[in-house]
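Notes follow once the structure below has been shown.
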Amino acid sequence: MDIETCIDEYLDIAPEIFPVEDTISGSAFGKLLKVVRGRQRFDPRPLESAIKRLVTKHLGDQATAGENTLFRFRTSNTSESHKCNVYESPWDVVDDCPIWQACRATSAAPMFFPPIEIGRPPTAYVDGGLGYNNPIRGLMEESSHIWPSGRKVGCVVTIGTGVLMSRDIGRTIKPLFECLKDMATDTEKVGREFEEEMKYKYGIEQQVYFRFNVQHGLEHVGLEEWKEMDRTKVATQDYLRTQWSQVERCASQLFQPRGM
Numbered sequence: 011m012d013i014e015t016c017i018d019e020y021l022d023i024a025p026e027i028f029p030v031e032d033t034i035s036g037s038a039f040g041k042l043l044k045v046v047r048g049r050q051r052f053d054p055r056p057l058e059s060a061i062k063r064l065v066t067k068h069l070g071d072q073a074t075a076g077e078n079t080l081f082r083f084r085t086s087n088t089s090e091s092h093k094c095n096v097y098e099s100p101w102d103v104v105d106d107c108p109i110w111q112a113c114r115a116t117s118a119a120p121m122f123f124p125p126i127e128i129g130r131p132p133t134a135y136v137d138g139g140l141g142y143n144n145p146i147r148g149l150m151e152e153s154s155h156i157w158p159s160g161r162k163v164g165c166v167v168t169i170g171t172g173v174l175m176s177r178d179i180g181r182t183i184k185p186l187f188e189c190l191k192d193m194a195t196d197t198e199k200v201g202r203e204f205e206e207e208m209k210y211k212y213g214i215e216q217q218v219y220f221r222f223n224v225q226h227g228l229e230h231v232g233l234e235e236w237k238e239m240d241r242t243k244v245a246t247q248d249y250l251r252t253q254w255s256q257v258e259r260c261a262s263q264l265f266q267p268r269g270m
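Counting along the sequence shown from 1, when you hit position 64 you're at 74 in this note's numbering, and nothing is skipped either side.
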């Protein structure tokens, strides 16, 4: 799917996946109470149904076939991140995983949706974003497995979901709850670390690396807040206006012809 189609499909399925919560359930205390009780905020069945519909609509079936897509998720009882490819790779951890299951696993954000069991024997998987929300290192490791050593990287583009604002932990439940969540999913820290090591560890030159991440305006937009799409759009447009020279450089780099 192209980007416009992805946005349209998301807006169509979001209301059924993220129904509006009542005042108590949607509060910081209500969210924390569900975590303590081992419950998630949303029913996974509408999500699974929507994913299956989209896979069937755009691919024709729910098979494992695909082109050059890497999913990353982790087991629910360890902090280790695993990958699932929809292309053949000798380093696959999960074999013969239908695309809808891989999508469901990467959507199983802790506190939002329960884990999904995949494989034989069944293993419970959750979204790899908790601690692995920026998968750039995993992507570079995978590329080194697929392509011969010594092949230069032509262009690396990473896109964030908005910079988190600094928080004062404070003395109440809500600031502590939000701070712990932010610490677990901060992608900018990984991005900064990767920039420092990409030359000596991966042989990537600075001029072929591009990181785009909205700096302001998305700090308070949650994963489930699909009604905030207008705010997301405006913040993204404002950010891109300040980064237009970088966008043009990135586009030029992507279209540059390269030998094999």
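We put the CB at the ideal spot given by N, CA and C, even for glycine.
Terminal residues of the beta strand (DSSP E) in which residue i lies
{"i": "Arg55", "result": "Note, Arg55: premise wrong, no beta strand (DSSP E); alpha helix (DSSP H) at 54 to 69."}
{"i": "Ile109", "result": "Looking at the DSSP string, Ile109 is not in any beta strand (DSSP E); the run it does join, the alpha helix (DSSP H), is 109 to 116."}
{"i": "Glu127", "result": "126 to 128"}
Exposure of residue i, with buried meaning 16 or more beta-carbon neighbours within 10 Å
{"i": "Pro131", "result": "exposed"}
{"i": "Ser117", "result": "buried"}
{"i": "His68", "result": "exposed"}
{"i": "Gly70", "result": "exposed"}
{"i": "Ile13", "result": "exposed"}
{"i": "Gly164", "result": "exposed"}
{"i": "Tyr135", "result": "buried"}
{"i": "Ile27", "result": "buried"}
{"i": "Cys107", "result": "buried"}
{"i": "Val30", "result": "exposed"}
{"i": "Gly232", "result": "exposed"}
{"i": "Cys16", "result": "exposed"}
{"i": "Pro125", "result": "buried"}
{"i": "Val65", "result": "buried"}
{"i": "Arg114", "result": "buried"}
{"i": "Gln247", "result": "exposed"}
{"i": "Val166", "result": "buried"}
{"i": "Val257", "result": "exposed"}
{"i": "Gln266", "result": "exposed"}
For residue i, the first and last residue of its enclosing alpha helix (DSSP H)
{"i": "Glu26", "result": "13 to 27"}
{"i": "Arg259", "result": "254 to 264"}
{"i": "Ser154", "result": "146 to 156"}
Minimum C-alpha distance to residue i - residue among the options
{"i": "Ile128", "options": "Ile109, Thr168, Gln247, Val257", "result": "Ile109"}
{"i": "Arg161", "options": "Phe222, Ile214, Thr15", "result": "Ile214"}
{"i": "Asn264", "options": "Tyr212, Thr168, Val244, Glu58", "result": "A small correction: the amino acid at residue 264 is Leu; Asn does not occupy that position in the sequence shown. When each option's Cα is compared against that of Leu264, the closest is Thr168."}
{"i": "His226", "options": "Val218, Gly148, Val244, Cys113", "result": "Val244"}
{"i": "Ile146", "options": "Met121, Tyr219, Cys107, Ala119", "result": "Tyr219"}
{"i": "Gln217", "options": "Phe123, Met150, Lys209", "result": "Lys209"}
{"i": "Cys260", "options": "Met11, Arg221, Thr242", "result": "Arg221"}
{"i": "Arg55", "options": "Ala112, Phe123, Thr171, Gly172", "result": "Phe123"}
{"i": "Pro120", "options": "Glu258, Gln256, Gln50", "result": "Gln50"}
{"i": "Phe204", "options": "Leu149, Ala60, Leu57", "result": "Leu149"}
{"i": "Ser154", "options": "Val173, Glu207, Lys211", "result": "Lys211"}
{"i": "Thr133", "options": "Phe52, Gln111, Gly172", "result": "Gln111"}
{"i": "Gly172", "options": "Asp240, Glu207, Asn223", "result": "Asn223"}
Per DSSP, the bridge partner or partners of residue i
{"i": "Tyr219", "result": "Val166"}
{"i": "Thr133", "result": "Ile128"}
| request: Check whether the stretch 234 to 242 touches the stretch 18 to 25, counting contact only when three or more Cβ pairs, one atom from each stretch, lie closer than 8 angstroms. | output: yes
| task | Report yes or no: do the stretch 241 to 258 and the stretch 197 to 205 share at least 3 C-beta pairs separated by less than 8 angstroms? | result | no
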